[in-house]
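A.B. asks:
In the working numbering, the protein residues as written are 5 to 95.
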């Protein structure tokens with residue numbers, strides 16, 4: 005089961021996930037506040053990033069696209085640098 009806590013722990017276990025935003029993203033509902041540019045998100049900020057509904061023009065469609073890009077970046081982090089080969093990181 006993947007809940008908010010396990011999502012955050014997974015992101016933290018891989019050392020965060022790098023994302024790039026073309027424009028500032030601010031959502032008072034989730035607390036997200038990212039300037040435009042490249043960011044390495046820890047678990048808490050990653051959860052804000054994937055849950056934010058009020059930062060995209062297309063609302064839910066934009067959020068789904070952001071979530072898909074985030075998951076691709078998470079897989080990339082998890083499969084690089086031997087992260088999956090180190091079980092200590094996933095305790």
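Glycine included, each C-beta is placed from N, C-alpha and C at the ideal position.
(1) Just to confirm, are residue 54 and residue 44 a CB contact at a threshold of 8 Å?
(2) Who are the near neighbours of residue 47 in its chain, counting only those whose CB is closer than 6 Å to its CB and skipping five residues on each side?
(3) Alpha carbon to alpha carbon, how far is residue 20 from residue 81?
(4) Rounded to whole angstroms, what is the Cα-Cα separation between residue 6 and residue 52?
(5) Compute the beta-carbon to beta-carbon distance between residue 31 and residue 56, rounded to the nearest angstrom, for a pair I have assumed lies under 8 Å.
C.D. replies: On the basis of the coordinates in this document:
(1) no
(2) 12, 15, 16
(3) 8 Å
(4) 16 Å
(5) 4 Å
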